[in-house]
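Enquirer:
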Amino acid sequence: MARYDLVLRGGQVIDGTGAPAATADVAIAGDRIAAIGRLPAESGGAEIDVDGLAVAPGFIDVHTHDDRALLSRPDMAPKVSQGVTTVIAGNCGVSLAPMLAGRPLPPPLDLIGSAEHFRFRRFADYVAALDAAPAATNAALLVGHSTLRANAMDRLDRSASEREIEAMRERLAEALEAGAIGLSSGLWYAPAAAAPPAELETLAKTLHPAGAIYATHMRDEGAHVLDSLDETFDVGRVAEVPVVISHHKVAGKHNFGLTRRTLPRIEAAMATQEIGLDAYPYIASSTVLREDYIAVSLKILVTWSKPHPEAAGRELADLARDWGMSQEAACARLQPGGAIYFTMDEADVRRVLAFEHTMIGSDGLPHDSHPHPRLWGTFARVLGYYSREEKLFALEEAVRRMTGLPARRFGLTGRGLLAPGAYADVTVFDPARIIDRATFADPTMPAAGIHLVLVNGQPAWRDGAATGARPGRALRRQQMQQEARRSGS
Ligand code: ZN
Ligand code: CU
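Each step along the sequence shown adds one to the number in the working numbering, with nothing skipped, and position 264 is 265.
(1) Would you check if there are 3 or more beta carbon pairs closer than 8 Å linking the stretch 79-95 to the stretch 214-224?
(2) Does DSSP classify G385 as helix, strand or coil?
(3) The ligand ZN and G187: does any heavy atom of the ligand fall closer than 7 Å to the residue's C-beta?
(4) So, under 8 Å CB-CB, V27 and V427 are touching, yes? Tell me the CB distance rounded to an integer number of Å.
(5) Select from R402, A168, A433 and A420 the residue whose C-alpha is nearest the C-alpha of S488.
(6) Give me the pocket residues for the ligand CU, defined as CB within less than 5 Å of any heavy atom, sorted by chain position.
(7) Check N457 in the structure and name its three-state DSSP category.
(8) Quick test of your reading: H209 and V236, contact by CB under 8 Å. State the CB separation rounded to the nearest angstrom.
(9) Counting only runs that start and end within the stretch 25-99, where is the beta strand (DSSP E) found for 3 or more residues in a row?
(10) If you follow the beta strand (DSSP E) that T428 is in, where does it begin and where does it stop?
(11) Mapping the DSSP letters down to three states, classify Q336 as helix, strand or coil.
(12) Taking only heavy atoms of the ligand ZN into account, decide whether any of them is closer than 7 Å to the Cβ of H368.
(13) What do you reckon, is the C-beta of H218 under 7 Å from a heavy atom of the ligand ZN?
(14) Considering only heavy atoms of the ligand ZN, does any lie closer than 7 Å to the CB of S247?
(15) Which residues in the same chain have their Cβ closer than 8 Å to the Cβ of A333, if we skip the five residues on either side of it in sequence?
(16) Spatial neighbours of R474 within its chain, please: C-beta separation below 6 Å, excluding the five flanking residues on both sides.
(17) Any idea what DSSP makes of S492, helix, strand or coil?
(18) Can you give the beta carbon distance from M169 to A181, rounded, assuming they're within the 8 Å contact cut?
(19) Between W324 and the rest of its own chain, which residues show a CB-CB distance below 8 Å, the 5 nearest in sequence each way excluded?
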């Protein structure tokens, strides 16, 4: 009788620690990796020859806006097609829960859904919905500060009162109780821009006893990015919580080169407190339509527009010309909507990616009609373009930034590493062929070179197509902390 459910034979095992790849068989039993090494012939109920292919831990997309996609598009094709097996949702201050809207929500909350989609009064209701209708990938969940504000406040252009902060704290506590791994903020956006650091510090203090984290889309990613770094570090220090700087970048042509200063500043602060950061491998960002980005962008592409759906995929400058108006006026006419902004310098993007502490996060926007290609391309682009072609770092190091490093940073016990006893989240890919195919013109093309993706031991993607399986789980902080204690890690 076969000892294992599945044996992947003879692949190049990249274990997620950064260690050099080594030829080995990988055996899977149930939802776990049972053994790695030279395993007896025919010891697997199923055997797959993966000679010449890389076998890696499933990738962890640390920065997503997949809160609703997990429910509305449970095959999670944009993610599993690139080898992603776990997503961190609820970033940039925007989470689907807890929120019972019944009215249109301000940007950028509308990036993840309309009023009718915000239907979870308690965070526990959202987690229960994920349990009842699992997606193909695992999900760990952040609570959005802007979502909490929209719950507690009648208007968002001011700081919260003590009573309102208390109301936010209660909802945050409920979410943490339901398994959330932390709090996210989006201080650059209108719903949170008026929140002073003290508001964040007070909320972040609730995270400390839970062992939860704070992730932030900082107040400024332009000329004042260094001040924003200090603000972020302060919140972490005062509340004694780990912080994650989301999609670290420097935007605007006058600020090109500033990552020469931000990265040393981050590294210095890491000596005294826990800090993480993530990045996506593109020189363009994407979010809701913002008039203030017209002046600093080299080019703007519309990703969606409620009044003008036909504008998706077009350049704002062309639309403005067709309509005989300024880009500002065209922007107003397209609202509500979203766009891609070419605002970064390739040298900065490379410097951030090459920084040894940088994790990979797509920041993909799954509901946009003409999305930024990062949604479908991020992980394959890092592996195929930046690692293999541009040699920015070794393949093993690229894999570590999307597996072992984020699993430790976000407390995802038993994931992000290939080792006996770990969960069988596994991505088999061709290191010579893996590449992103999604482009700004054609943004929903699946990556090339991904052969097989297992989530909790079940194939979710095989030979270029989703299998239809939905083996993903809603990961609870408490359970992961318990498992960490049990395994003594
Ligand atoms: Zn963001
Ligand atoms: Cu984001």
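Quick reminder that beta carbons are idealized off the backbone N, C-alpha and C, glycines included.
No experiment lies behind these values; they were computed from the predicted model shown.
Expert: With the structure as the only source:
(1) Flag = yes, the stretch 79-95 and the stretch 214-224 touch.
(2) DSSP places G385 in helix when its eight states are reduced to three.
(3) Yes, since a heavy atom of the ligand ZN falls inside the 7 Å radius drawn around the Cβ of G187.
(4) Under the criterion of beta carbons closer than 8 Å, V27 and V427 qualify as touching, at roughly 7 Å.
(5) For S488, the nearest C-alpha among the options comes from A420.
(6) Listed along the chain, these residues meet the criterion: N92, C93 and D364.
(7) In this structure, N457 counts as coil in the three-state DSSP scheme.
(8) The Cβ separation is near 11 Å, so there is no contact.
(9) Counting only runs that start and end inside the stretch 25-99, the beta strand (DSSP E) elements of at least 3 residues fall at 33-38, 45-50, 55-58, 60-62 and 85-90.
(10) V427 to F430 is the span of the beta strand (DSSP E), which, as asked, contains T428.
(11) DSSP, read as helix, strand or coil, puts Q336 in coil.
(12) False, no ligand heavy atom lies under 7 Å from that Cβ.
(13) Distances taken from the Cβ of H218 to the heavy atoms of the ligand ZN include one shorter than 7 Å.
(14) For the ligand ZN, at least one heavy atom lies less than 7 Å from the Cβ of S247.
(15) Correct list, in chain order: E292.
(16) Counting only Cβ-Cβ distances below 6 Å, and skipping sequence neighbours, we find N139.
(17) Within the shown structure, residues of the chain are numbered from 2 to 490, placing residue 492 beyond reach of any answer.
(18) Between A181 and M169 the Cβ distance is about 13 Å, and since that is not below 8 Å, they are no contact.
(19) For W324, same chain residues with a beta-carbon under 8 Å away, outside a window of 5 residues either side, are A330, A331 and R334 in chain order.
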